[in-house]
Amino acid sequence: MITLEDLKKYEAYLKYLNEKLGKFFQEQAPYIFCKEGCSHCCESGEYPLSEVEFAYLNLGARTLPLEVFQQIDKNIEQIKAEKLNFQGEKFLHQCPFLINKRCSLYNFRPIICRSHGLAFFSKENKIMVPDCVDKGLNYSNVYDTERRTISTEKFDATGNTQEPLAHNVRLGFLTDNDITNGLGLDFGEIKALIDWFMQ
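Counting along the sequence shown from 1, when you hit position 157 you're at 1034 in the numbering used here, and nothing is skipped either side.
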């Protein structure tokens, strides 16, 4: 059970995290092509989030106008029905909070959404780029699509002095680190967004 105290700790962590991620995004600005109205990352995913993040989303949902809340509820019911009939291995769907290509709960969005767009390290310590690279977006100006890696030649051709860097922004690290431990912040269970609504 998430308490008000848990949410206060989470908000304190978000303040720290937003500042840190903001610096990462600013540093990587020559390779980041996210802009308002671009919703590629919200159109097909699982959107893993923790129990405390889900509680925070619910807190944000209470601030929405009734018609927006009703649209989200309709979206959730549709996705739940699709999941019940799904036969594959990995159920991907549009985020139910995406309305007219905009996040209706942007200020309450989960950590996975806040960090998405940056190059990152996989569990195997391999440098990964967001999948929007294939749409000509983030890191596409330095990414070799044939070799599936950041290209030194393409980087040199940009004339940028700031190198494309990966950061440790995996969800597991961002929800369990020295800062979260120092705050006594327990994120609780992590699962796909729609699974929180299927209980």
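Every residue gets a Cβ at the ideal spot worked out from N, C-alpha and C, and that includes glycine.
**Asked** How is E1031 classed by DSSP in three states: helix, strand or coil?
**Response** One detail in the question is off: residue 1031 reads as Lys in this sequence, not Glu. DSSP places K1031 in helix when its eight states are reduced to three.
**Asked** With a CB to CB cut of under 7 Å and the five nearest residues on each side skipped, what residues in its chain are close to K1012?
**Response** Sequence-distant partners of K1012 (beyond 5 residues in either direction) whose C-beta falls short of 7 Å from its own C-beta, in its chain, are H917.
**Message:** If we require 4 or more residues per run, which alpha helix (DSSP H) segments fall completely within the region 934–990?
**Reply:** With a minimum length of 4 residues, the continuous alpha helix (DSSP H) runs that stay inside the region 934–990 are 943–961.
**Prompt:** Roughly how many angstroms lie between the CA atoms of F1032 and T880, to the nearest whole one?
**Reply:** If I take the Cα positions, the gap works out to 47 Å.
**Asked** Taking C-beta to C-beta, are L1051 and L884 nearer than 8 Å?
**Response** No; because the gap between Cβ atoms is not below 8 Å, this pair is not in contact.
**Asked** Is the CB-CB distance between G922 and L982 below 8 Å?
**Response** Contact flag unset, no.
**Asked** For K1003, which three-state DSSP category applies?
**Response** DSSP places K1003 in coil when its eight states are reduced to three.
**Request:** Select from Y887, E888, L926, K892 the residue whose C-alpha is nearest the C-alpha of H993.
**Result:** Taking only the C-alpha atoms, the option nearest H993 is L926.
**Prompt:** Ordered along the chain, which non-local residues of its own chain (more than five positions away) have a Cβ less than 8 Å from that of K967?
**Reply:** If we look at K967 and ignore the five residues flanking it on each side, its Cβ neighbours are E923.
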